[in-house]
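What follows is a short report on a single structure.
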Amino acid sequence: MAEGGGGARRRAPALLEAARARYESLHISDDVFGESGPDSGGNPFYSTSAASHSSSAASSDDERERPGPPPPPPPGAPDAQEAEEDEAGAGWSATLRDRPPPRFEDTGGPTRKMPPSASAMDFFQLFVPDNVLKNMVVQTNMYAKKFQERFGSDGAWAEVTLTEMKAFLGYMISTSISHCESVLSIWSGGFYSNRSLALVMSQARFEKILKYFHVVAFRSSQTTHGLYKVQPFLDSLQNGFDSAFRPSQTQVLHEPLIDEDPVFIATCTERELRKRKKRKFSLWVRQCSSTGFIIQIYVHLKEGGGPDGLDALKNKPQLHSMVARSLCRNAAGKNYIIFTGPSITSLTLFEELEKQEIYCCGLLSPRKSDCTGLPPSMLSNPATPPARGQHRIKMKGNMSLICWYNKGPFRFLTNAYSPVQQGVIIKRKTGEIPCPLAVEAFAAHLSYICKYDDKYSKYFISHKPNKTWQQVFWFAISIAINNAYILYKMSDAYHVKRYSRAQFGESLVRELLGLEEASPAH
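The opening position of the sequence shown corresponds to residue 22 in our numbering, with each subsequent residue numbered one higher.
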């Protein structure tokens, strides 16, 4: 018996490795970010099995599994009368049929080959080139002039130059590398001070640039958008993302972790946390699940910035559907598979996106999701909890509604995966849990997005301005650095220098401050 148990334990890692190799996305993630070993990260369903096929790349008909018969209904499944009522009322049926996954032939990845000698600055300037920085110089000088015409001259002010603007950005970005709370710590002489950086520009000059810094100095008569002061930069950034990278088939819509650095939060007193102002916007992204590259950004301003804050958005599926439509505006006609959380998942949205050849797989919550058009019998919990791994499925057209049990019910809506193809979740302690293929795919890709968020947080810029447009600007800069590092990791330049994420950020800061070229002289 002991020998058999040992064999099972030895077999589990092999199954997991075979499963990870199945998903092109997971395989690329390991290669790009150097992950070491599986980690559930608290996910209630994690990983994949060797028995089911990847949806990240197109498969030929003879490569796909022959679907087996659907599993018997678990205890507590709805009776025949309920099924007939659902089917007659909304077109949902317990009769399942196989369907091929959406074909996808684009390999994705960087669109241009960067030379082995490319620096951190070269990758960053794919998204924030000199012409964008020069515009910031012009707009900052214009705003300073307008400000002084209205409030009086400032004898200590001199027009900012491109070199100074780069140094200004470098100082701000340095707060993400050192994790200091204030950029002024560089000149403080304390723990976070940095003499080599402090010598490039005086604190007084930095504070003058910070006072007048602008991306757009004047509101045009046609402008009604609340983000008009930063929108041109966001548009330019989006163009850079679109032209530099093609995503893999599988992507995720979500709100990335953009709040305070967790280390800082852990050291904050309750009073300090209460004093910190809530953000007056929410930021959503469409993110490539194979690399972590953030493909698209969407910023939603909170109306009035009321006391209910971001939590008020959680109960507005219609708002989140609008966010999803905006994030998918450049995705039509490409057979992408988009993973969504409960606030976005809805039958109406998924059917609308399918008409644009965008397919979805989303976690569904009767409390948080728009459940319009879904059969009620699938949304209620049975009196007797089914065993782990059992599931019920109903189908309408290409859409499948799945109720899968693992220490409670999990519901999924998808038109990207066949309802008759089976997968499995591999847990370290409990072993294999059978599930439909859609559940397996959702768990695998979402687990990696959690890891990407943790990595992206390494580039949070600690400076906390009061102006909403400035908060959005610095978050966008953080995302640009994250994407620059991902392209660097996928380039020949990585094999020359092999910078870690922190080293890449440090190199970028030094280049922006004009110190990188001078370093060999020391």
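All C-beta atoms in this analysis are idealised placements derived from N, C-alpha and C, irrespective of residue type, glycine included.
Treat the numbers as computed from the prediction; the structure is a model and nothing was measured.
Buried versus exposed call for residue i [16 or more other C-beta atoms within 10 Å across all chains shown]
i    : result
E126 : exposed
Q339 : exposed
A109 : At A109, the pLDDT of 44 sits below 50, so the modelled position is not reliable; the number obtained from the coordinates is stated separately. The residue in question, A109, is exposed, as its Cβ has fewer than 16 Cβ neighbours within 10 Å.
R432 : buried
E532 : buried
S390 : buried
A139 : buried
F496 : buried
R307 : buried
H275 : buried
V445 : buried
A464 : buried
T366 : buried
A78  : Bear in mind that a pLDDT of 32 at A78, under 50, signals an unreliable position, so the number given afterwards is only what the model happens to contain. Classification of A78: buried, given that the 10 Å Cβ count is 16 or more.
V159 : exposed
T405 : exposed
H200 : exposed
H516 : exposed
S364 : buried
S217 : exposed
A353 : exposed
R413 : buried
N427 : buried
K376 : exposed
S206 : buried
Whole-angstrom distance between residue j and residue i, CA atom to CA atom
i    : j    : result
Q492 : P486 : 6 angstroms
Y380 : T435 : 8 angstroms
N215 : A462 : 46 angstroms
S468 : G247 : 34 angstroms
Q169 : I502 : 34 angstroms
D51  : S223 : Low local confidence applies: a pLDDT of 32 at D51 is under 50, so the model's placement there is unreliable, and no value is given.
P150 : G535 : 16 angstroms
L529 : S174 : 35 angstroms
Y509 : L304 : 25 angstroms
P137 : K476 : 24 angstroms
P397 : P387 : 10 angstroms
Q411 : T361 : 23 angstroms
E527 : S195 : 7 angstroms
S310 : R346 : 19 angstroms
F148 : R171 : 35 angstroms
M193 : S257 : 20 angstroms
K166 : K229 : 13 angstroms
R124 : K301 : 40 angstroms
G63  : Y319 : Below a pLDDT of 50, predicted positions are generally treated as unreliable, and G63, at 37, falls in that range; no measurement from the model is reported.
G429 : V441 : 22 angstroms
For residue j and residue i, believed in contact at Cβ under 8 angstroms, the rounded distance
i    : j    : result
W425 : P457 : 7 angstroms
V344 : F494 : About 20 angstroms separates the two Cβ atoms, so there is no contact after all.
S499 : S197 : 7 angstroms
E16  : N162 : In this structure the chain extends from 22 to 543, so residue 16 is not present and cannot be described.
P131 : Y438 : At roughly 28 angstroms, the Cβ-Cβ gap does not stay under 8 angstroms, so P131 and Y438 are not in contact.
Q259 : I358 : Not really, about 22 angstroms apart at Cβ, beyond 8 angstroms.
V153 : F239 : Rounded, the Cβ-Cβ distance is 18 angstroms, inconsistent with contact.
Segment limits, beta strand (DSSP E) that includes residue i
i    : result
V445 : 443–448
P455 : 452–457
G383 : 379–385
V306 : 302–309
Y319 : 315–322
T271 : 271–275
L422 : 420–426
Chain B within 8 angstroms of residue i, Cβ atoms only
i    : result
T196 : Here chain B cannot be found, since the structure has a single protein chain.
Endpoints, alpha helix (DSSP H) assigned at residue i
i    : result
T184 : 183–199
V204 : Unbroken run through V204: none, as it is neither H nor E.
P253 : 252–265
Q339 : 338–348
F148 : Element bounds for F148: n/a, residue is neither H nor E.
Y515 : 513–518
Y233 : 224–233
S528 : 522–533
R216 : 216–219
Residue i: CB within 7 angstroms of a non-hydrogen atom of the ligand NAP
i    : result
L255 : Of the ligands one can find in the structure shown there are none, so the ligand NAP has no counterpart to examine.
Problem set entry | Runs of alpha helix (DSSP H) wholly within the segment 457–504 (minimum 4 residues, chain order) | Whole alpha helix (DSSP H) segments, 4+ residues: 458–477.
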